[in-house]
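**Q**
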Amino acid sequence: MTKKIRVLTVDDHPLLREGIAAVLEGEDDFELVAEATSGQEAVDYFRIHCPDVTLMDLQMPGMNGIDAMLTIRREFSNARFIVLTTYQGDVQALRALKAGAAGYLLKSMMRKELLDTIRIVHSGRRRIPPEIAAELADHVTDDALSDREVDVLRRVATGNSNKIIASQLNVSEATVKGHMKSILSKLGANDRTHAVTIAMKRGFLDC
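Per the numbering used here: the sequence shown = residues 1 to 207.
Laid out in structure tokens, this is it:
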């Protein structure tokens, strides 16, 4: 009998977990060993079950998926992860891959590609959908926003003026204007609103 691929699912949405469980149960070569609802549970369950492949959501309350993968890989360097997300931004994808993800799958692709992706990652290979790979390639030479620039832009996105942001960060308004100039240049944005739109699309404000 072929040894089954042991899978851990990590997602805070019960309907998604139930859907994955139903798909895996219909296959002879998979075993769902546990279902976690948060990043911390993922770490705890991984230590208990040592799954072959972990299906990891990124956006969860408390510890997010990136931090959970980093934590697990510090103890289990050979851990294999497939990120499941609704978001296509290149910044989020790059962070996930750097954190150790071997697969990256949009939740809209799961019905058709989940099983093959698990098998591919379990075999030691990577699986990145073409549209995600294209996003990564399009921005490979771009300058990344600094943490402070992301912080400033996040405050812009909630409607704050430069003066208010300067007060919140305890810096001068001129400093905030300097950050905004750099942000507009790096993102190729025409104005503040355009910068926020681009940053959200690429994942700077979702990670």
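The C-beta atom is built at its ideal place from N, Cα and C for all residues, glycine as well. Predicted model, so just to flag it, every value in this text is computed and none were measured.
Mapping the DSSP letters down to three states, classify Glu27 as helix, strand or coil.
**A** The count along the sequence shown starts at 1 and reaches residue 27 at position 27. Glu27 falls in the coil class under three-state DSSP.
**Q** Which one or two residues does DSSP pair with Gly103 in a beta bridge?
**A** Position 103 of the sequence shown, counted from the start, is the residue given in the question as residue 103. BP columns for Gly103 point to Ile82, Arg127.
**Q** Look at Glu25 and Arg6 and say whether their C-beta atoms are less than 9 Å apart.
**A** On the sequence shown, position 25 is the one that residue 25 refers to. On the sequence shown, position 6 is the one that residue 6 refers to. Going by C-beta atoms, Glu25 is not nearer than 9 Å to Arg6.
**Q** Per the DSSP calculation, Met56 is bridged to which residue(s)?
**A** Here residue 56 refers to the residue found at position 56 when the sequence shown is read from its first residue. Per DSSP, Val10, Val83.
**Q** Apart from the five residues just before and just after Gly203, which ones in its own chain have a Cβ nearer than 7 Å to its Cβ?
**A** On the sequence shown, position 203 is the one that residue 203 refers to. Correct list, in chain order: Tyr87, Gly89, Asp90, Val91, Gln92.
**Q** What residue does the alpha helix (DSSP H) around Ala42 start on, and which one ends it?
**A** On the sequence shown, residue 42 is found 42 positions in, with the first residue counted as 1. Run containing Ala42: 39-49, per the alpha helix (DSSP H) assignment.
**Q** Which of the three DSSP states, helix, strand or coil, is assigned to Val171?
**A** Position 171 of the sequence shown, counted from the first residue, corresponds to residue 171. Here Val171 sits in coil by DSSP.
**Q** Along the chain, where does the alpha helix (DSSP H) containing Val150 start, and where does it finish?
**A** Residue mapping note: residue 150 aligns to position 150 of the sequence shown, counting from 1. Element bounds for Val150: 147-157.
**Q** Taking the continuous alpha helix (DSSP H) assigned at Ala93, which residues delimit it?
**A** On the sequence shown, position 93 is the one that residue 93 refers to. Run containing Ala93: 90-98, per the alpha helix (DSSP H) assignment.
**Q** Is it true that the segment 150-165 meets the segment 115-125, where meeting means three or more beta-carbon pairs spaced less than 8 Å apart?
**A** Touching, no, given that fewer than three Cβ pairs across the two stretches are closer than 8 Å.
**Q** From the DSSP secondary-structure annotation, give me the bridge partner or partners of Glu35.
**A** In the sequence shown, the residue the question calls residue 35 occupies position 35. Per DSSP, Thr9.
**Q** Using the three-state DSSP reduction, which class does Ser77 fall into: helix, strand or coil?
**A** As a working mapping, residue 77 is identified with position 77 in the sequence shown. In the structure shown, Ser77 sits in coil (DSSP, three-state: anything other than H, G, I, E or B).
**Q** Arg127: buried (16+ other C-beta within 10 angstroms of its C-beta) or exposed?
**A** As a working mapping, residue 127 is identified with position 127 in the sequence shown. Counting Cβ neighbours within 10 Å, Arg127 comes out buried, since at least 16 surround it.
**Q** Can you tell me whether Asp52 is buried or exposed, with buried defined as 16 or more other CB within 10 angstroms of its CB?
**A** Counting from 1 along the sequence shown, the entry for residue 52 is found at position 52. When all chains shown are included, Asp52 counts as buried.
**Q** Looking only at C-alpha atoms, which of Leu106, Met110, Ser108, Ala102 sits nearest to Arg125?
**A** By 1-based counting over the sequence shown, the position of residue 125 is 125. Out of Leu106, Met110, Ser108, Ala102, Ala102 has the C-alpha closest to the C-alpha of Arg125.
**Q** Which residue from Lys3, Ala195, Leu97 puts its Cα closest to that of Asp236?
**A** The question about residue 236 has no answer here: the residues shown for the chain are numbered 1 through 207.
**Q** Could you check which residue in Leu114, Arg80, Met63 has the C-alpha nearest to that of Glu41?
**A** Within the sequence shown, numbered from 1, the residue matching residue 41 stands at position 41. Checking every option, the nearest Cα to that of Glu41 belongs to Met63.
**Q** Taking contact to mean at least 3 C-beta pairs separated by less than 8 Å, is the segment 58-78 in contact with the segment 164-179?
**A** Counting Cβ pairs under 8 Å, fewer than three are found: no touch.
**Q** Of the residues Leu187, Lys186, Ile164, Leu58, which one's Cα is nearest the Cα of Leu94?
**A** Position 94 of the sequence shown, counted from the start, is the residue given in the question as residue 94. Considering only alpha carbons, the answer is Leu58.
**Q** By the three-class DSSP mapping on this structure, what secondary structure does Lys4 have?
**A** In the sequence shown, counting from the first residue as 1, residue 4 sits at position 4. It is coil, neither helix nor strand.
**Q** Would Thr37 be called buried (16 or more neighbouring beta carbons within 10 Å of its own) or exposed?
**A** Within the sequence shown, numbered from 1, the residue matching residue 37 stands at position 37. Buried is the call here.
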